[in-house]
Structure formats: structure tokens, C-alpha cells
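Q: Sequential numbering of the sequence shown, starting at 168, is according to UniProt numbering. Have a look at this one.
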Amino acid sequence: DTERSLLVQLTRYGDRQFLIVGRDVTQMEKLETTRKDFVANVSHELRTPLTVLAGFLETVHDLPPESLSDEQREHYYHLMMEQAGRMQALVDDLLTLSTLESSPSTAGTPVRLAPIIDHALRQAKILSKDQHVFVANIDPELQINGIEAELGSAVGNLLTNAVRYTPKDGTITVSWYKTESGQACYSVQDTGIGIASQDIPRLTERFYRVDRGRSRATGGTGLGLAITKHVAMRHGAELNIRSRVGAGSTFSLDFPPSRVIARHA
Ligand code: ADP
Numbered sequence: 168d169t170e171r172s173l174l175v176q177l178t179r180y181g182d183r184q185f186l187i188v189g190r191d192v193t194q195m196e197k198l199e200t201t202r203k204d205f206v207a208n209v210s211h212e213l214r215t216p217l218t219v220l221a222g223f224l225e226t227v228h229d230l231p232p233e234s235l236s237d238e239q240r241e242h243y244y245h246l247m248m249e250q251a252g253r254m255q256a257l258v259d260d261l262l263t264l265s266t267l268e269s270s271p272s273t274a275g276t277p278v279r280l281a282p283i284i285d286h287a288l289r290q291a292k293i294l295s296k297d298q299h300v301f302v303a304n305i306d307p308e309l310q311i312n313g314i315e316a317e318l319g320s321a322v323g324n325l326l327t328n329a330v331r332y333t334p335k336d337g338t339i340t341v342s343w344y345k346t347e348s349g350q351a352c353y354s355v356q357d358t359g360i361g362i363a364s365q366d367i368p369r370l371t372e373r374f375y376r377v378d379r380g381r382s383r384a385t386g387g388t389g390l391g392l393a394i395t396k397h398v399a400m401r402h403g404a405e406l407n408i409r410s411r412v413g414a415g416s417t418f419s420l421d422f423p424p425s426r427v428i429a430r431h432a
């Protein structure tokens, strides 16, 4: 990564004087590439469900009404709703991401995470269709200063991913506790497919997926971890990822002691 881009400007003053200005534009070029990639990715992610949706609409529209049984009609509607749902999830995540990027950081207000985790666990169990074992070790009183809605989406994202990337009968362990050094830690451990070490640093990039086909099939938008990373940063927290292929992964959000609200204060 040593190659750099230089923009050189040459200005002539009169007959004999020149001014040469060189500017390092490496960072600017990188940002521009990232922006272009992002627009291309969003367009692609939206076009796929839109094409499928338009295809089904055309099919249903072109068929004489009597040639479709109620069951077939239901089936088509279901498929169309699925595609609309994909687009909705993507647009929702994009809006969340852009709000996170544009709103100033705040100290937040005291938030007790236990009810938020409970809510996310209920959602995760629905997604799991009773195919996983859930274990929860939650400190009911532990509070941090933060923004409740943002914390809710980070907590939910990590749990949803654990369900999506853990085969049937796997175990998902959720913990929320204060460490000996005074940090507050939310962690989600799964016994799922795991992640190769070279992929781990890239997981929080927008639309980065280890296995595109598989991730799309699970209904993810490819933005969940980008959102989670942003929420972590805005709370002075670290998103830590440990994983072994075939053995499972642990994602944790570690909040600094300065965010933790002392008990009986
Ligand atoms: P997606 O919507 O694709 O799940 P995320 O940003 O939430 O997007 O995650 C990015 C990628 O990280 C996923 O596509 C998947 O490859 C990988 N990943 C995330 N969580 C896990 C997990 N618990 N186990 C294995 N792989 C995971």
C-alpha cells in the first residue's frame, strides 16, 4: 500500500517564474472509489429484487384470471412480498446508516440493556423457528449511557447473524455483564459456520459478505455489521470478533468504564 497519487499544478508567472504545487490526493481518490463502489452496490442490491418482483407482476397480470387457482395466486403474492420485504430491509438499513453518519455523537442517557436484549432474543427465536438452543446470562441491572434505539439495532444485529450463520441444533449464548476492569460487555457466541481469519477485518465493510449467495439467501442486507460498528464507535465501544471456521464465532461489544453507570449511585 505504498503507491500514492500526486496532483501536480504548474503555474507560470511572466517569462521566467514558475510555481509548482504538488498535492497528495491518495486519500481523496480512495474516498471517491469507495463512494462509487457503494453506489454500484446499492443499485445492484436493489435491482435484483426489483427485477424479480417486476417479473412476477407481469406473469400474474398476463395470465387470464381463471387460469390461476387461489393457491397459485397466494404463492405468487407471497413471492412478491418477499422481494418487496428485501427492498424494504435494504432501504431501512441504508437510512439507519446515513442517520448514524450524520448525527452528532452524544453522551446519551442511562440505558438498561436487559429489556432490549430480551426483545432481541424474542425476535431471534422467531427467526430461528425453534431450531437453536438459546442460553442467556444477562445482568438485569447493568446500565450504560447511550442511545437506546442505536443499541437496540446493534444488539439485534449480532443475535440475528448468530441465528443466520448457525446450522440447526447449534447453541447461541448471549451475555451482558460487567468485567473485572469495569467494562460492560455484550457478547453473542454461536457454534455456527465460523469465519476465516482473513475475512474478519473486512466484515464491517458495507456489503462485504464471506459467501454472497448464502448470505443473500438468509435475508441479510450486508449492512448489519457496518451499522453495528458505527453504533459501537458512537458509544466509544469496540466491536471484537473471534472465530474459527467450523467451530463458531463470538462477537462482542465492549463498552469503556466511563460509559458504565455505577450501581447505587
Ligand atoms: P449480512 O446481512 O450479509 O449478514 P452483515 O454485515 O450482518 O451482513 O454480515 C456480513 C458478513 O459477515 C455476512 O455475510 C457473513 O458472511 C459474516 N457473518 C456475520 N455474522 C456471522 C456469524 N455469526 N457467523 C459467521 N459469519 C458471520
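Backbone N, C-alpha and C fix where the C-beta goes; we use that ideal spot for every residue, glycine too.
Under 9 Å, do Leu325 and Thr395 count as touching if we go by C-beta distance?
A: One-based indexing of the sequence shown puts residue 325 at position 158. One-based indexing of the sequence shown puts residue 395 at position 228. Yes, the pair counts as a contact, with Cβ atoms nearer than the cut-off.
Q: Does the Cβ of Arg331 have 16 or more other Cβ atoms within 10 Å, making it buried, or fewer, making it exposed?
A: Position 164 of the sequence shown, counted from the first residue, corresponds to residue 331. Buried, because 16 or more other Cβ atoms sit within 10 Å of the Cβ of Arg331.
Q: Assuming residue 503 is part of the beta strand (DSSP E), what are its boundary residues?
A: The question about residue 503 has no answer, for the chain in this structure spans 168 to 432.
Q: Taking the C-alpha atoms as reference points, what is the distance between Gly313 and Cys352?
A: As a first step, residue 313 is located in the sequence shown; it is residue number 146 there, counting from the start. As a first step, residue 352 is located in the sequence shown; it is residue number 185 there, counting from the start. Rounded to the nearest angstrom, the two C-alpha atoms are 14 Å apart.
Q: Just the Cα atoms here: how many angstroms apart are Gly252 and Leu224?
A: Within the sequence shown, numbered from 1, the residue matching residue 252 stands at position 85. Within the sequence shown, numbered from 1, the residue matching residue 224 stands at position 57. About 15 Å.
Q: Can you give the beta carbon distance from Leu309 to Tyr344, rounded, assuming they're within the 8 Å contact cut?
A: The residue you call residue 309 lines up with position 142 of the sequence shown. The residue you call residue 344 lines up with position 177 of the sequence shown. Right, the Cβ-Cβ distance comes to about 7 Å (below 8 Å), so this counts as a contact.
Q: Distance check for Ser210 and Glu199, CA to CA, integer angstroms please.
A: The count along the sequence shown starts at 1 and reaches residue 199 at position 32. The count along the sequence shown starts at 1 and reaches residue 210 at position 43. Cα to Cα, Glu199 sits roughly 17 Å from Ser210.
Q: So who's on the other strand from Ala303, going by DSSP bridges?
A: Walking along the sequence shown from the start, residue 303 turns up at place 136. Looking at the DSSP assignment, Ala303 forms a beta bridge with Val341.
Q: In the DSSP assignment, the alpha helix (DSSP H) including Ile408 goes from what residue to what residue?
A: By 1-based counting over the sequence shown, the position of residue 408 is 241. No alpha helix (DSSP H) holds Ile408; the beta strand (DSSP E) holding it covers 405-411.
Q: To the nearest angstrom, how far is it from the Cα of Leu370 to the Cα of Pro334?
A: Position 203 of the sequence shown, counting from 1, holds the residue named residue 370. Position 167 of the sequence shown, counting from 1, holds the residue named residue 334. Cα-Cα distance, rounded: 20 Å.
Q: My guess is that Ile311 and Arg383 are in contact by the Cβ rule of under 8 Å, so how many angstroms apart are they, rounded?
A: As a first step, residue 311 must be located in the sequence shown, where it is residue number 144. As a first step, residue 383 must be located in the sequence shown, where it is residue number 216. Not quite, the Cβ-Cβ distance comes to about 34 Å (not below 8 Å), so this is no contact.
Q: Under 6 Å Cβ to Cβ from Asp182, same chain only, skipping five residues before and after it: list those, please.
A: For the purposes of this step, residue 182 is taken as residue 15 along the sequence shown, with counting starting at 1. Contacts found: none.
Q: Would you say Ala393 touches the ligand ADP, meaning its beta carbon is less than 8 Å from a heavy atom?
A: The sequence position of residue 393 within the sequence shown is 226, counting from 1. Because some heavy atom of the ligand ADP lies under 8 Å away, the Cβ of Ala393 counts as near it: yes.
Q: Can we say the stretch 235-251 touches the stretch 267-283, given the rule of at least three CB pairs closer than 8 Å?
A: No: the two stretches stay apart, fewer than three of their Cβ pairs being nearer than 8 Å.
Q: Measuring only the C-alpha atoms, how far is Ile305 from Glu196?
A: Position 138 of the sequence shown holds residue 305. Position 29 of the sequence shown holds residue 196. Cα to Cα, Ile305 sits roughly 45 Å from Glu196.
Q: First and last residue of the alpha helix (DSSP H) that includes Gln298?
A: In the sequence shown, the residue the question calls residue 298 occupies position 131. Gln298 -> no alpha helix (DSSP H), and no H or E assigned at all.
Q: Closer than 8 Å is the cut-off here; do at least three beta carbon pairs connect the stretch 404-417 with the stretch 357-371?
A: Counting Cβ pairs under 8 Å, three or more are found: they touch.
Q: Pick from His402, Val377, Val175: whose alpha carbon is nearest that of Ala321?
A: Position 154 of the sequence shown holds residue 321. Ranking the options by Cα distance to Ala321, first place goes to His402.
Q: Starting from Gln255, trace the alpha helix (DSSP H) both ways and give me its first and last residue.
A: Walking along the sequence shown from the start, residue 255 turns up at place 88. Here the alpha helix (DSSP H) through Gln255 covers 237-269.
Q: Assuming Leu257 and Thr388 are in contact, meaning their beta carbons sit under 8 Å apart, how far apart are those beta carbons, in whole angstroms?
A: Numbered from 1 along the sequence shown, position 90 holds the residue referred to as residue 257. Numbered from 1 along the sequence shown, position 221 holds the residue referred to as residue 388. 5 Å between Cβ atoms; contact.
Q: Can you tell me whether residue 152 is buried or exposed, with buried defined as 16 or more other CB within 10 angstroms of its CB?
A: Nothing about residue 152 can be read from this structure; the chain reaches only from 168 to 432.
Q: Using a Cβ-Cβ cut-off of 6 Å (strictly less than) and excluding sequence neighbours within five positions of Val219, which residues of its own chain qualify?
A: Your numbering for residue 219 matches position 52 in the sequence shown. For Val219, where only same-chain residues beyond five positions count, the Cβ hits under 6 Å are Gln250.
Q: So, using beta-carbon positions, are Thr358 and Thr338 closer together than 9 Å?
A: Position 191 of the sequence shown holds residue 358. Position 171 of the sequence shown holds residue 338. Against a cut-off of 9 Å, the Cβ pair of Thr338 and Thr358 comes out as a contact.
Q: Is it right to say Val206 is buried, meaning 16 or more other beta carbons lie within 10 angstroms of its own, or is it exposed?
A: The sequence position of residue 206 within the sequence shown is 39, counting from 1. Burial call: exposed.
Q: So which of Arg411, Leu261, His242 has the shortest CA-CA distance to Gln356?
A: As a first step, residue 356 must be located in the sequence shown, where it is residue number 189. Comparing Cα-Cα distances from Gln356 to each of Arg411, Leu261, His242, the minimum goes to Arg411.
Q: Tell me the rounded alpha-carbon separation between Leu246 and Asn208.
A: As a working mapping, residue 246 is identified with position 79 in the sequence shown. As a working mapping, residue 208 is identified with position 41 in the sequence shown. About 23 Å.
Q: With a threshold of 16 other CB atoms inside 10 Å of the CB of Pro231, please say whether the residue is buried or exposed.
A: Mapped onto the sequence shown, residue 231 falls at position 64. Flag for Pro231 reads exposed.
Q: Using a threshold of 8 Å, is the CB atom of Thr371 nearer than that to any non-hydrogen atom of the ligand ADP?
A: Indexing the sequence shown from 1 puts residue 371 at position 204. Under cutoff, so the answer is yes.
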